[in-house]
Structures are given as C-alpha cells and as structure tokens.
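Asker:
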Amino acid sequence: MAAFVKSVNKKLACKDLLAYVKTLTPSVLEGLYNHPASCLAIFRELPDFAKHYVMRILFVEQVMVKQNVVATWIEKDYANEHLDAIKALTGLHIVHEHMQYCGLPAWKLNESFKKSLQIALMGGGNGANSLEMLPPDKYAKDIAFLDSYAQERWECILHYIVQSKEGSGGISREVTEILLHSGLVSKDGVNSDTFITAAGFQFLLLDISSQIWYFMIRYLETVESRGMNIVECLTFMFQLSFLTLGKDYSSDKMSDNQQRFLQHLREFGLVYQRKRKCQRFYPTRLAINLTSSTPKDIALETHKQGFIMVETNYRVYAYTASPLQVNLLSAFCIILYRFPNMVVASITRESVRAAFASGITADQIINFLKSHAHPEMLKKKPVIPPTITDQILLWELERNRFNFDDGVLYSQFVSQRDFELLRDYAKDLSVLVWENPPKRILVVTRSGHEEVKRFWKRHKRDT
Amino acid sequence: MAYRSDESSLLIVVLDTNPVWWGQQLSKPNRDLTFTNCIEELLVFCNSHLMMDQRNKLCVIAAHPSKNKFLFPKSELADETASDDSEIMRQTKSDGQYELFAKVSETIREEVKDLIFSDTSGELHADCMLSGAMSMALCYINRVEKEQLNKESFSSRILVIKGSEDHQSQYMNFMMVIFTAQKQNTIIDACILDQESSLLQQACDITNGIYLKIPQLSGLLQYLLCVFLPDAKIRKKMTLPTNVKIDYRAACFCHRNLVDIGYVCSVCLSIYCSFTPICTTCHATFKIVDPRPIPKKKIKK
C-alpha cells in the first residue's frame, strides 16, 4: 500500500515540433526562417486554418491584411479554431500585428519566412544553404544496407539503456550525457554504472519514430552547452528530414558545427558515412521526415517483423532471441520459459502492477504489444484480444481508488454553534475539504489552516 | 491542441490544353493568361497542395483534343527511360527548392513539351476530351485506393481547369462520370477561364464541389490558392463561393440538344425530343399514341 503513495506517475512527455519551436528565442527563430527547409517543416506543423491563411497571404504584394478581413474567411461557428490558428502564428513570430493608418489592426507576414517559403515552393534561392549532388559513388549503398545500419546503431543505444551485455560497447560519452540529461538512465555515484529509470522503460516501449524524436529534442536541449550553434544544427536537421532516402549528398559546404552534428547523427544511426573523412553521406530511414508529426510509416518496424503473440489465456509468446526485447517484455510480464528462438511469458496482475508502479501506463503496454504483433495476429480484428486490453486497462483503473489531499483535522467542538461558525468560515475561504456535522468534525486544507486557526483564536478571545 | 486534419488528400488536376483556345489567348490585346504562365501557376498550386501535408498526393492530366495524357506521375510506358531519371536528379539545381517539388515541376514541364510536340495531326477542334480525362482521373483514384498499404483513408478531388467550350456530344459520358464520382465521394471542382459550362456546373453541384469563373485571369494563382486549395474537411469551415443557378436541362439522346420538355422511355429512362417508336438504347417498342381522337368510321351498310 505504501507503494501507491510513493509511486511516481510521471508519463514521458514529448513535445512536438511546434511546442519545441515555441521555446526558442525570437532571434533563433529569425535565423531559422532564413532557410527554406525550416520554414517548410514548421509550416507543415501549423494548424489547418493557419496554413491556409499563410498560403493566401504568401503571394500578395500588398503588405498587410486587415484582421477583420481575415476573420471573414471562416464560418462563424469555428471562431475557436480561428483564434487558435492566430495564436500559433503570432506565437511563432510568423505573423506580426500592425496598426494601419486607418486605425484598424492588420497582420503582416514575416518577410524572411515569406521569402524562404516561396523559395521552398518555387526555387530561386541562392543555393548557399543547400546540399549538392555528387558524381556517382563507387561505394554506393542501397536502401537495405542503410536500413540494417540504422537499426543496428539505434539498437546499440537501446541496449545500452537496458544494460544488456551485448550492445554495451560503442557508445560515446556524449550519448551517455544525453541519456543522463533526459532522465532515461541515472547514476548512483560518480563512477558507477548507469541503470535504467522508470522513464527509461516508458521510452523503450514507445514506437521507434517517437523514440528518435524524443531523443533528438533532448539532444537539441544540450546543444548550447556543447558550444554548437543551435540555428545551424536545427537548419541541418530540417534539411535532413526532407532529403530522399537512398541518395547521397555532399557534406562539403557544411560549417564546422554542422560537421560535428553530422558525426553525432552518424552515431545515432540517422545518417551513414563510410568514413569520417568521407565527403558524402546518406540519410537513413530514421532521418527522413523526422520532424513531421503525422504517423509515419517507418518500415523498419515492418522489415523487422512483429514477433509477439498474445492469447486470451494471458499467455504471451515472443519469437525473438534479442535480449533487448526480452528485457522489455519482462517489464510487464513474468517470463516463464526461454528457448533459443522463443520466450514464453504470462501477463499477470502482479507483473502489470509492478509495471504501473514504475510509471508505465496501460496504453503504452497495449501499444507495444500491438506494434510488435506477429503477422498472424495482425490478421485478426482487433489485433490484441479485447479481454487482454480491457483487463490491463481495468488493472490500471484499480490504482485510482484513492485521492489524497493533505489536510488538518478539527474535532472536539464544544457546541454545535461553534462548529457551524468555523465550518462556514472555512467554506467562505473555500479551504473546507470535508465535514461531518453529527460528529462535529471538519477537515481544512493545510494552506488554509493558518487562516482558520487565526480566526478561531480571535473568536475565542472576543467571546 | 492543434486543429489538424488526420486525412490526407489526393488532388487530380485536369487541365484543358486545347491549342485553339490557348492560341486565341495569345492574340488577345491584354494577354492576361498565356499557356506558359498558366503552367507555371499551376505548378505552384500543385506544389502548395503537396506542401500542406506530407501525405498528400497529386496527379495531373492534360485533356487534349486528340488524346489525354498523364503529366504527373509519369505513365509507366515512359519508365523505360527511368535510368535517366537519376541523371536528371543529379543535375537538378540546388537552389533550395524542396526536392519533391523540383521533381514535380520538371516532370510536368517535360511531359507538356512532349505532348505539344507530338501533336502533329493538324486537325483543329474547339473542345477537348474532357470526359475521357475525367474517367482516367476516376480510375487513378480507384487504383490509388487499392494500392494503399496501411488502409489509411484519404479524400480525393478533381479540379478541372477549362477554357474551351463544351461539346454536347460528351453529355452522356459526362453524366456517367459525374454519378460515378458521386458514388466514390469524389469532389469535382471547376475553374472556368472563359465560357460557362453547364456540364461542369451540374458536376460541381452534384458532388459538392466549387464552380468558379475566374473574374481576372491575371490573378489565376491567387484564386486557385484561396478557393481550390482547402480540402473537403476544411471547406465546411471556410467561406467559399457558393453555386449559382444551374441549368439542369437534359440533352436529348438523338440530337444532343438541351430540352425542357420531351419524351422519356419508360424502360430505360432515356430522353428524346420527338417521338420515336423504338427506343435506341433498350430497343423497347411503343405504340403510336395519336393525341387526336380517331374519328369513328361509320360502317356503311
């Protein structure tokens, strides 16, 4: 029972691109808007109305559009969406407010954003920021190779988080720092080994595109402290997400900061470079469309076929030999038998509650089972038997039986009148939590306790 | 929470490339819209559509008097020269344009040039094969739907950009196209450059599309972006031009004239302007019904 009170129910929060970009300073944003790729990436993440407003103003020579004109562009019922769109646009400094001569407020599109978006649409930029094509590579790599490379690198990092013996080599100090900073692993003492935290388990249960995005956000947060320029890194990241899979690009024109960033990306598995000094690189599937929040078809998952079968008797059969996957399963199942190519596990109330205690939610467990479901399971509708999903959700609901509020108990009132006086005063201050008139007991919140005590003392003095 | 639609959208643009009409545009005094400009503005519009959402898809079909051609994506016969595609990509200018957009622009320009140079017949027609092009569009939509791997739903719409006039011989095919589109929940929009077209008016009304005759041709791009860019879900929420009075008269099956009052076959519902004893569609026979009373012949004894 004590575990209930202490449990850290912190869900892994991941900002999407817009939320992250809003945290940047206006000067960084101005720097970003000079590059077509960043404008394109941010444009795609805007709410729908905002996108249409921008498109309508994009090619208009006249500088400003009156606000009430913009308001007539949508039906009256959707005023909330309209306000939401305007908030997004002004929050990102894409649109500024101006007062026109006639006294009516108007919107003006940010100049550099406008120019860069036009360049992204039609071309005509000066090419200073873009990546060039090269003559054909005699060591050309195909997409299958890139996929296996990306998978191997990313699993290296995942293995490190889980501390399995196999993939623990090959992780640089910087990756360790990022993992520590993001709270996925933590250390006991200064030189001891790292071990996984509750957040780490939640991270591992996410699908791969969310994992990569979460990791990149954390990496970008530490960029400033490494002495790298955040505008350059972000620009390169946006450019990277719009490249074509399977083509190579030149890294000649990139600045030093971007070269360092490129080396880090190489380690995470987002790009492939044959050698460090090599001037060309290939983006892998993990990097393409990195910044988009629409559900991606990261076919790495489908290449690596699903391997979990879940039966209605709460048995789980996982056709895998990878220690990483077995570790993940053991987070919420009890492993019963291990074979060279298969693991038999069982979902029980205890195992699932142990998972909840370390912060994993029922949704994460169910999504994990669904995304790694064996092709045979995928043929059924719904994929996971509804008994299992419902039961896991019910077990989670079981934990929400108590609400805890801190408070102070007042009892042993001499008379009913005193009790009522104090109760009404507490109610006026809205600090009353609970009362029981027949027994003359009431509970007041801790913060309101001081006020109520003072009032009572004053009252006793007066009477 | 960001208000973003979860559906991707497939846009098919059917462009009228009748050389007679476009040639006449060049000889007009103020030269509002030439074919080259129209193609360029169309490219920007298509790229804007692709820019709206990563999953959006595009198809462009040219409706020519003698044939219809897929401008984008390149039709499969042309894939024999696919190895040249990578060469084209290598030489693509690195000027900041998103690669997908560059590919779309290059492909469409190449294919239009190809279409024009291959038209050596020398015949002049005042119309184009619009119903054929729209049927190709509907088939493409059907194919994309079948090819979808992860069964995500998407909405589809056809935008017809038309300058030349209608020809009544296409009436039947056109109506069938319209009803198929209605069944498939495909929206048909019409962007009219010159002459009003009653067929397209009916199409837009039946499929909940937008019919717009462009008041100022020099502002074609702005009209396209404002009116035709929003997809089906957003349209309900925005104030867009509504449809005007539509000429719903049917055309008779014998002469393709528009009729207000006519004869209808009771079996197959085909319409005729004058009485025919045998229906040409279903071969049902009808007795001659004379409105004048037959004078009773007195039987002379």
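Note that the protein sequences, when read in sequence, are chains A and B. Going by the working numbering, 45 is the number at position 45 of the first sequence; the sequence numbering is gapless. Just so we're on the same page, the working numbering is the position in the second sequence counted from 1, plus 463. C-beta atoms are modelled at their ideal positions from N, C-alpha and C, and glycine is treated no differently. The structure displayed is predicted, hence computed values, not measured ones.
If contact means a Cβ-Cβ distance below 9 Å, which residues of the region 52-64 of chain A contact chain E?
Answerer: Included in the structure are the protein chains A and B, with no chain E among them.
Asker: Can you tell me the Cα-Cα spacing of Y20(A) and V271(A), whole angstroms?
Answerer: Rounded to the nearest angstrom, the two C-alpha atoms are 23 Å apart.
Asker: Just curious, the beta strand (DSSP E) that G407(A) is in, first and last residue?
Answerer: Taken as a continuous stretch (DSSP letters only), the beta strand (DSSP E) holding G407(A) covers G407 to Y410.
Asker: How many angstroms separate the CA atom of V433(A) from the CA atom of L442(A)?
Answerer: Near 8 Å, if we compare the C-alpha coordinates of L442(A) and V433(A).
Asker: Ignoring anything shorter than 4 residues or poking outside the region 193-262 of chain A, list the alpha helix (DSSP H) runs there in chain order.
Answerer: List check, alpha helix (DSSP H) in window: 198-205, 208-221 and 230-241.
Asker: By the three-class DSSP mapping on this structure, what secondary structure does E550(B) have?
Answerer: Low local confidence applies: a pLDDT of 47 at E550(B) is under 50, so the model's placement there is unreliable, with the coordinate-based value given in what follows. The answer is helix: DSSP assigns E550(B) an H, G or I state.
Asker: Taking Cβ-Cβ distances below 8 Å as the criterion, which residues of the region 73-103 of chain A are in contact with chain B?
Answerer: Listed in sequence order: W73, I74, E75, D77, Y78, E81, D84, A85 and A88.
Asker: V727(B) by DSSP, collapsed to three states: which one?
Answerer: Of the three classes helix, strand and coil, the one that applies to V727(B) here is strand, per DSSP.
Asker: So, using beta-carbon positions, are H527(B) and D590(B) closer together than 8 Å?
Answerer: Contact flag unset, no.
Asker: Give the range of the alpha helix (DSSP H) segment to which E451(A) is assigned.
Answerer: R446 to D462 is the extent of the alpha helix (DSSP H) around E451(A).
Asker: Please classify M99(A): is it buried, with 16 or more other beta-carbons within 10 angstroms of its beta-carbon, or exposed?
Answerer: That one is exposed.
Asker: Check the Cβ-Cβ distances between M514(B) and every residue of chain A, and say whether any is below 8 Å.
Answerer: True, the Cβ-Cβ gap to chain A drops below 8 Å.
Asker: The region 689-701 of chain B: which residues have C-beta closer than 7 Å to a C-beta of chain A, in chain order?
Answerer: Here the close residues are C689, L692, P693, I697, K700 and M701.
Asker: Listed from N- to C-terminal order along the chain, which residues in the region 657-687 of chain B have their beta-carbon within a distance smaller than 8 Å of any beta-carbon of chain A?
Answerer: Cβ contacts with chain A come from L684 and Q685.
Asker: Checking 8 Å against the spacing of the C-beta atoms, do R181(A) and R226(A) come in under that value?
Answerer: The sequence shown places His at residue 181(A), rather than the Arg named in the question. Contact flag unset, no.
Asker: Compare the Cα-Cα distances from R572(B) to each of G486(B), N500(B) and G672(B) and report the closest residue.
Answerer: The candidate whose alpha carbon is nearest that of R572(B) is N500(B).
Asker: Please report the straight-line C-alpha distance between G359(A) and E398(A), rounded to a whole angstrom.
Answerer: Cα-Cα distance, rounded: 15 Å.
Asker: Considering only C-alpha positions, which residue in the set A199(A), Y214(A), L262(A) and Q239(A) is nearest to L17(A)?
Answerer: The residue with the shortest Cα to Cα distance from L17(A) is Y214(A).
Asker: Quick one: Cα of R518(B) to Cα of C689(B), how far?
Answerer: Going from the Cα of R518(B) to the Cα of C689(B) covers about 21 Å.
Asker: Just to confirm the assignment: which complete beta strand (DSSP E) runs, minimum length 3, are found wholly within the region 613-655 of chain B?
Answerer: With a minimum length of 3 residues, the continuous beta strand (DSSP E) runs that stay inside the region 613-655 of chain B are 617-625 and 649-655.
Asker: Output the distance between the C-alpha atoms of E628(B) and Q658(B), rounded to the nearest integer angstrom.
Answerer: If you take the alpha carbons of E628(B) and Q658(B), they lie about 6 Å apart.
Asker: Just to confirm the assignment, what range does the alpha helix (DSSP H) spanning C602(B) have?
Answerer: Unbroken alpha helix (DSSP H) run through C602(B): L593 to E610.
Asker: DSSP state of P528(B), grouped into three classes?
Answerer: P528(B) falls in the coil class under three-state DSSP.
Asker: Could you work out which residues of chain A lie near S511(B), taking near to mean beta carbons separated by less than 7 Å?
Answerer: In chain order: M55 and L121.
Asker: Relative to the C-alpha of I143(A), which residue among I288(A), K453(A) and G31(A) is closest?
Answerer: Answer by Cα proximity: I288(A).
Asker: Run through DSSP, which three-state label would H93(A) get?
Answerer: Correct three-state label for H93(A): coil.
Asker: With a threshold of 16 other CB atoms inside 10 Å of the CB of I724(B), please say whether the residue is buried or exposed.
Answerer: Exposed.
Asker: Are the CB atoms of L121(A) and M514(B) nearer to each other than 8 Å?
Answerer: Result yes, Cβ atoms of L121(A) and M514(B) sit closer than 8 Å.
Asker: Give me the Cα-Cα distance between S549(B) and C522(B), rounded to the nearest whole angstrom.
Answerer: Because S549(B) carries a pLDDT of 48, less than 50, the predicted location of this residue cannot be relied on, and the following value inherits that uncertainty. Distance between the alpha carbons of S549(B) and C522(B): 21 Å.
Asker: Report, in whole angstroms, the separation of the C-beta atoms of D652(B) and I673(B), which I expect to be a contact under 8 Å.
Answerer: The Cβ separation is near 5 Å, so the contact holds.
Asker: If we require 3 or more residues per run, which beta strand (DSSP E) segments fall completely within the region 281-366 of chain A?
Answerer: Counting whole runs of 3 or more residues, the region 281-366 of chain A contains the beta strand (DSSP E) stretches 308-310, 315-318, 334-338 and 343-346.
Asker: Can you tell me the Cβ-Cβ gap for T702(B) and W107(A), rounded? I've got them flagged as a contact below 8 Å.
Answerer: Rounded, the Cβ-Cβ distance is 18 Å, inconsistent with contact.
Asker: Would you call the region 249-264 of chain A and the region 44-57 of chain A in contact, with 3 or more CB pairs under 8 Å?
Answerer: Short answer: they don't touch.
Asker: Measure the C-alpha to C-alpha separation of D84(A) and G103(A) and round it to an integer number of angstroms.
Answerer: Straight-line Cα distance between these residues: approximately 24 Å.
Asker: Distance cutoff 8 Å, beta carbons only. Does F535(B) sit that close to anything in chain A?
Answerer: Not one chain A Cβ lies under 8 Å of F535(B).
Asker: At 8 Å on the CB atoms, spell out the chain B contacts of L40(A), in chain order.
Answerer: Neighbours of L40(A) on chain B, chain order: M514 and Y561.
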